[in-house]
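Novice: This is the structure, below, for whatever I ask next.
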Amino acid sequence: MINLAGHCNSYSNGCTSSRSDIKKCQAERIKIILSIGGGAGSYSLPSSEDAREVATHLWNNFLGGNSSSRPLSEAVLDGVDFDIEGGTSEHWYELARYLSGYSTKGKKNAWVGRALKTGLFYYVWVQFYNNPPCQYSSGTIADLLNAWKQWTSDIPATKILLGLPAAPDAAGSGFIPTSDLISKVLPAIKSSPKYGGVMLWSKYYDDQTRYSSSIKSHV
8 MINLAGHCNS YSNGCTSSRS DIKKCQAERI KIILSIGGGA GSYSLPSSED
58 AREVATHLWN NFLGGNSSSR PLSEAVLDGV DFDIEGGTSE HWYELARYLS
108 GYSTKGKKNA WVGRALKTGL FYYVWVQFYN NPPCQYSSGT IADLLNAWKQ
158 WTSDIPATKI LLGLPAAPDA AGSGFIPTSD LISKVLPAIK SSPKYGGVML
208 WSKYYDDQTR YSSSIKSHV
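Sequential numbering of the sequence shown, starting at 8, is according to our numbering.
Here is the structure:
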């Protein structure tokens, strides 16, 4: 995913320099996906028309459409991640449908349960942390496995990804030591046909712990 918050100012064309990095990643078959929403601020989709307008804006400015004000210049991203952590659950499913009409891709969330049921999401990144009933705790993986089975059976997505913090300080709870992830968790979930890999929050913490490097060969 690409999160430009605090990194560049799109209003002054400050993000256009990222286009070469994006294209380089894509050349290495790394998908670059735009994340919308987040845990801060207030946002919502008040109506179906708003959902349609947002879909059109995303398509024309970040995906395969055309606009004179594309923040990332001619770079075309690979899809859209729904990180909806507030507001209401209304109309996000319509945004997913509108985006699907433009042939894009999307994500997860408790706020977009109805959207997930549409079956339009290829990849769903599930946050298995900061959520005690659904996470690893003190060497025990039972709650996490029960939650994993529920997600993979209830959500009609192509792939479900295991979302984890890359460091103890990256989340309030749910951090899994790499040794336990490799020896306990991954062997228990990788046999699922919907297993899609591991998502880490965030690159900042991963740069400090090298968590991804420790698990890469096992994922």
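Just so it is clear, CB atoms sit at the ideal spot from N, CA and C, and this is done for glycine as well. Computed from a predicted structure; not experimentally measured.
Just to confirm my understanding: we take Lys112, look at its own chain, exclude 5 residues before and 5 after, and list those with CB closer than 6 Å. What are they?
Specialist: As a working mapping, residue 112 is identified with position 105 in the sequence shown. With a pLDDT of only 40 at Lys112, under the threshold of 50, the placement of this residue in the model should not be trusted; the figure read from the coordinates follows. These residues qualify, in order along the chain: Gly86, Tyr129.
Novice: Classify Ala122 as buried or exposed, calling it buried when 16 or more other Cβ atoms lie within 10 Å of its own Cβ.
Specialist: Taking the sequence shown and counting its residues from 1, one reaches residue 122 at position 115. It is buried - the Cβ of Ala122 has at least 16 other Cβ atoms within 10 Å.
Novice: When you compare each of Lys191, Ala195, Gln134 to Gly46 by their alpha carbons, which one comes out closest?
Specialist: For the purposes of this step, residue 46 is taken as residue 39 along the sequence shown, with counting starting at 1. Among Lys191, Ala195, Gln134, the Cα nearest to that of Gly46 is on Gln134.
Novice: Determine the extent of the beta strand (DSSP E) in which Gln134 is found, giving its start and end residues.
Specialist: On the sequence shown, residue 134 is found 127 positions in, with the first residue counted as 1. 130-134 is the span of the beta strand (DSSP E), which, as asked, contains Gln134.
Novice: If you draw a straight line from the alpha carbon of Asp176 to that of Asp213, how long is it in whole angstroms?
Specialist: Counting from one through the sequence shown, the residue named residue 176 turns up at place 169. Counting from one through the sequence shown, the residue named residue 213 turns up at place 206. Cα to Cα, Asp176 sits roughly 11 Å from Asp213.
Novice: In this structure, does DSSP put Ala117 in helix, strand or coil?
Specialist: If you number the sequence shown from 1, residue 117 lands on position 110. At Ala117 the pLDDT is 47, less than 50, meaning the model places this residue with poor confidence and gives no usable figure here.
Novice: Assuming Ala3 and Tyr109 make a contact with CB atoms under 8 Å, what is their CB distance in whole Å?
Specialist: This structure cannot settle anything about residue 3, because the visible part of the chain is limited to 8 through 226.
Novice: Flag this pair as yes or no: are the beta carbons of Thr159 and Ser199 separated by less than 8 Å?
Specialist: One-based indexing of the sequence shown puts residue 159 at position 152. One-based indexing of the sequence shown puts residue 199 at position 192. Against a cut-off of 8 Å, the Cβ pair of Ser199 and Thr159 comes out as a contact.
Novice: Report the partner residues of Lys166 according to the DSSP bridge assignment.
Specialist: As a position in the sequence shown, residue 166 is number 159, starting the count at 1. In the DSSP output, where bridge partners are listed per residue, Lys166 has Tyr130.
Novice: Exposed or buried, Tyr211, counting other C-beta atoms within 10 Å across all chains shown (16 or more means buried)?
Specialist: Locating residue 211 in the sequence shown gives position 204, where the first residue counts as 1. Tyr211 should be labelled exposed.
Novice: Taking Cβ positions only, does Ala195 come closer than 8 Å to chain C?
Specialist: Going by chain labels, chain C is absent from the structure shown, which holds only one protein chain.
Novice: Rounded to whole angstroms, what is the Cα-Cα separation between Leu207 and Leu52?
Specialist: Working through the sequence shown from its first residue, we reach residue 207 at position 200. Working through the sequence shown from its first residue, we reach residue 52 at position 45. Leu207 and Leu52: Cα-Cα distance of roughly 28 Å.
Novice: Work out the CA separation of Ser144 and Gly71 for me, nearest whole Å.
Specialist: For the purposes of this step, residue 71 is identified with residue 64 of the sequence shown, where counting begins at 1. For the purposes of this step, residue 144 is identified with residue 137 of the sequence shown, where counting begins at 1. Gly71 and Ser144: Cα-Cα distance of roughly 43 Å.
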